[in-house]
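With the UniProt record's numbering as the guide, the letters of the sequence shown map in order to residues 1 to 589.
In this text, a Cβ means the ideal position worked out from N, Cα and C, and glycines have one as well.
Source: prediction; values computed, not measured.
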Amino acid sequence: PAVEVKIEVVIPEKERSKEEMSPNGKASPLIYKVNGTARHYHLEEHPIASNPYHNPKDVVEASVCHVKDLENGQMREVDLGCGKALLIKENGEFHAVGHKCPHYGAPLVKGVLSKGRIRCPWHGACFNISTGDIEDFPGLDSLPRFQVKIEKEKVYIRASKQALQAQRRTKVMAKCILSNYNLSSTNVLIIGAGAAGLLCAETLRQEGFSDRIVMCTMDRHLPYDRPKLSKSMDSHPEQIALRPKEFFRSYDIEVLTEMQIAAVDVKSKTAVFKDGFKMEYNKLLIATGNTPKALSCKGKEVENVFNIRTPEDASRVVKLATSKNVVIVGASFLGMEVAAYLTERAHSVSVVELEEVPFKKFFGERVGRTVMKMFESNRVKFYMQTEVSELREQESKLKEVVLKSGKVLRADVCVVGIGAVPATGFLKQSGINIDSKGFIVVNKMMQTNIPGVFAAGDAVTFPLSLRNNKKVNVPHWQMAHMHGRVAALNMLAHGVELSTVPYLWTAMFGKSIRYAGHGEGFDDVVIQGDLDELKFVAFYTKSDEVVAVASMNYDPIVSKVAEVLAAGRTIRKRDVETGDMSWLTGKGS
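Next comes the structure, spelled out in structure tokens:
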């Protein structure tokens, strides 16, 4: 059948000219095929001194400090007149890179420097200080790297003005070298266009893969920054797109929007779409994420009840909620972020939750209570240890939410955030291994039990090194990025294993809680700082080991702990109980 292919692709405006040379001062890679697998090989690398800047007018060089101004392990933000750079000294060597995290612009000088990389203080992305390359997520772009030279005890930085102003760098990518191909077959098929799907496609191109890549999504939009749907609800799809349209075009990443897969036949390596269209693949990535749970009570089909899945849902809720009564069912991350966002706009905001405290299973009771107080002081009303028994309508629109406790709440709009289930129903007969909860089971290379079939993101369980390879599901943004990258590298037979520390954040009333590790099953919480002042760090322990950490107004502690855990070191409960933080500098066990 004829199929309508909607192809909707980052080089930021300011970086267009960098195509003449890769930002590492290397020549663009040559691509050719070896045994059907694309590999890239750099031409002989010239020393960076051999004029890496083509346009002398675009270059700025400035003396930024004396060599003795920085100790080993120190960083300094320096101004070159037309932009800033981050100067780093480690093991007697100076390095200079972009000073802002390309994800949300955090000042990296406030981050954590450890063994050749810097970790963002806000959301945990990591960058190599020698190359600027991104090594852990969130975010897609790397940092620009600048040339450093020492003359007469002074440190000079030489940089392109463009790179200084852009503060981000998209890695050099291959393009598809097939000029004509069969529409109904692709080398790589990616089901799902979230962070995991996009990272997989980008990583393949960065590694020199030059065959066909097709991503398909049920969404109307190109990949976008999903966490923003609940954190800044009235964003337009274009504002939160992870990459602009041209990017996908430039790098031959085809995106089929509003296309749902109905089944996968692993024997014939074919995916069958809901409309009957079939596509053969060589390698498959399943990154379908999850589906929000719906209410099952009486009246669940009335109008103005939402799960927030798309930018349209989010902006519709904001419109309907303005000066009206909002009821949020579920004190989940999504529910609480939406509640916080709507308080200034709505007439009233109420939260209904089964537990006695929000986030109790995740952050523990004390931190949960602190968050609850912060919400109550912002006019949010809580109805805890109860659930919805009925939604009542007037002229088919929501009017009231009736609770099992008998309480009746006025409601013009209702947002449901009661959790989600993996979107894997279409795989039931496929032979791909799925656990009792519907999660796809993968190993550390993101491989399923079927050769050539990989899975990533919210829909999988995988072995977490941090917790002795316990099989876990970590439905968070940073982890989906890393899954996608690891899957791509293993499609190319690089044999790379996942070994990242989970990192997430939530933002409410202009305050962020950052979190790293995997606290599932914690049996105690050690708190330093002051919960009432909203300035604290909470360490989650299981027997005598710290398994996770959360903080508010205490940066960069969570990024520091993430680095300690990433280095494979164990943090003992006694280390954090004393309040002595010397273990952070490498003296722990």
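Which same chain residues, not among the five before or five after residue i, have their C-beta less than 7 Å away from its C-beta?
{"i": "Glu497", "result": "Lys444 and Met445"}
{"i": "Val34", "result": "Low confidence applies to Val34: its pLDDT is 30, below 50, so where it sits in the model is not reliable, and the reading given next is rough at best. Closer than 7 Å at the Cβ level, and outside the excluded window around Val34, lies no residue."}
{"i": "Leu108", "result": "Leu86, His99, Lys100, Cys101, Ile118 and Cys120"}
{"i": "Ala420", "result": "Asn290, Thr291, Pro292 and Lys293"}
{"i": "Leu464", "result": "Lys470, Val472 and His518"}
{"i": "Gln260", "result": "Met218, Phe273 and Lys274"}
{"i": "Thr288", "result": "Ile191, Gly192, Ala423, Thr424 and Ala459"}
{"i": "Met372", "result": "Val357, Pro358 and Phe382"}
{"i": "Ala487", "result": "Cys200, Leu285, Met446, Phe454 and Ala456"}
{"i": "Thr386", "result": "Val352, Leu403, Lys404 and Ser405"}
{"i": "Leu398", "result": "Val302, Glu303, Asn304, Val305, Leu391, Ala411, Asp412, Val413 and Cys414"}
Indicate whether residue i and residue j have their beta-carbon atoms separated by less than 8 Å.
{"i": "Val329", "j": "Leu295", "result": "yes"}
{"i": "His481", "j": "Ala195", "result": "yes"}
{"i": "Val547", "j": "Tyr554", "result": "no"}
{"i": "Thr270", "j": "Lys283", "result": "no"}
{"i": "Val367", "j": "Ala538", "result": "yes"}
{"i": "Val255", "j": "Met215", "result": "yes"}
{"i": "Glu90", "j": "Ile129", "result": "yes"}
{"i": "Ile190", "j": "Val64", "result": "no"}
{"i": "Phe439", "j": "Gln447", "result": "no"}
{"i": "Leu80", "j": "Ala159", "result": "yes"}
{"i": "Val415", "j": "Val401", "result": "no"}
{"i": "Ala340", "j": "Val351", "result": "no"}
Straight-line CA distance for residue i to residue j?
{"i": "Phe382", "j": "Val525", "result": "24 Å"}
{"i": "Pro29", "j": "Ile177", "result": "At Pro29 the pLDDT is 31, less than 50, meaning the model places this residue with poor confidence; the figure from the coordinates comes in the next sentence. So the alpha carbons of these two residues sit roughly 14 Å apart."}
{"i": "Pro138", "j": "His123", "result": "7 Å"}
{"i": "Ile571", "j": "Leu531", "result": "22 Å"}
{"i": "Lys511", "j": "Trp583", "result": "27 Å"}
{"i": "Thr424", "j": "Ser430", "result": "10 Å"}
{"i": "Val442", "j": "Ala550", "result": "28 Å"}
{"i": "Arg252", "j": "Arg212", "result": "The amino acid at residue 252 is misidentified as Arg; the sequence shows Asp. Spanning the two alpha carbons is a distance of roughly 8 Å."}
{"i": "Glu563", "j": "Glu301", "result": "47 Å"}
{"i": "Asn469", "j": "Ser499", "result": "10 Å"}
{"i": "Glu395", "j": "Asn304", "result": "12 Å"}
{"i": "Leu204", "j": "Glu356", "result": "46 Å"}
{"i": "residue 600", "j": "Phe333", "result": "The structure shown has nothing for residue 600, since the chain only spans 1 to 589."}
{"i": "Val148", "j": "Val155", "result": "7 Å"}
{"i": "Glu45", "j": "Gly132", "result": "Below a pLDDT of 50, predicted positions are generally treated as unreliable, and Glu45, at 29, falls in that range; the measurement from the model is reported next regardless. Taking the straight line from one Cα to the other gives about 17 Å."}
{"i": "Asp58", "j": "Ala166", "result": "13 Å"}
{"i": "Ser361", "j": "Leu504", "result": "Inspection of the sequence shows that residue 361 is occupied by Lys rather than by Ser. Using only the alpha carbons, I get a separation of about 16 Å."}
{"i": "Met552", "j": "Phe375", "result": "15 Å"}
{"i": "residue 590", "j": "Phe426", "result": "Nothing in the structure corresponds to residue 590, since the chain is present only between 1 and 589."}
{"i": "Glu202", "j": "Ile134", "result": "13 Å"}
{"i": "Thr585", "j": "Phe522", "result": "25 Å"}
{"i": "Leu565", "j": "Asp136", "result": "14 Å"}
{"i": "Met508", "j": "Lys152", "result": "50 Å"}
{"i": "Glu337", "j": "Lys231", "result": "6 Å"}
Considering only residues of the same chain and omitting the five flanking positions on each side of residue i, which have a CB-CB separation below 6 Å?
{"i": "Asp234", "result": "Ser315 and Val318"}
{"i": "Val272", "result": "Ala262, Ala263 and Lys278"}
{"i": "Ala163", "result": "Pro144"}
{"i": "Gly484", "result": "Ala196, Leu199, Cys200 and Ala456"}
On the criterion of 16 or more Cβ atoms from any shown chain inside 10 Å, does residue i qualify as buried, or is it exposed?
{"i": "Leu354", "result": "exposed"}
{"i": "Gln206", "result": "buried"}
{"i": "Val408", "result": "exposed"}
{"i": "Ser142", "result": "buried"}
{"i": "Pro451", "result": "exposed"}
{"i": "Gly335", "result": "buried"}
{"i": "Pro47", "result": "Confidence at Pro47 is low in this model, with a pLDDT of 32, below 50, so the placement of that residue is unreliable and no value is reported for it."}
{"i": "Cys126", "result": "buried"}
{"i": "Glu238", "result": "exposed"}
{"i": "Gly579", "result": "exposed"}
{"i": "Ser184", "result": "exposed"}
{"i": "His347", "result": "exposed"}
{"i": "His494", "result": "exposed"}
I need the DSSP call for residue i, collapsed to helix, strand or coil.
{"i": "Met259", "result": "coil"}
{"i": "Ala346", "result": "strand"}
{"i": "residue 653", "result": "With the chain represented from 1 up to 589, any question about residue 653 goes unanswered, as that position is not in the structure."}
{"i": "Tyr104", "result": "coil"}
{"i": "Ser323", "result": "coil"}
{"i": "Thr37", "result": "At Thr37, the pLDDT of 35 sits below 50, so the modelled position is not reliable and the matter cannot be decided from this model."}
{"i": "Gln478", "result": "helix"}
{"i": "Met173", "result": "coil"}
{"i": "Gly529", "result": "strand"}
{"i": "Ala96", "result": "strand"}
{"i": "Gln167", "result": "coil"}
{"i": "Lys228", "result": "helix"}
Sorted by chain position, which residues of the same chain lie with C-beta nearer than 8 Å to residue i's C-beta, five sequence neighbours on each side aside?
{"i": "Lys228", "result": "Ser235 and Ile240"}
Less than 7 Å separating the Cβ of residue i from some heavy atom of the ligand ATP?
{"i": "Lys361", "result": "By its list of ligands, the structure shown contains no ligand whatsoever, and the ligand ATP lies outside what it can speak to."}
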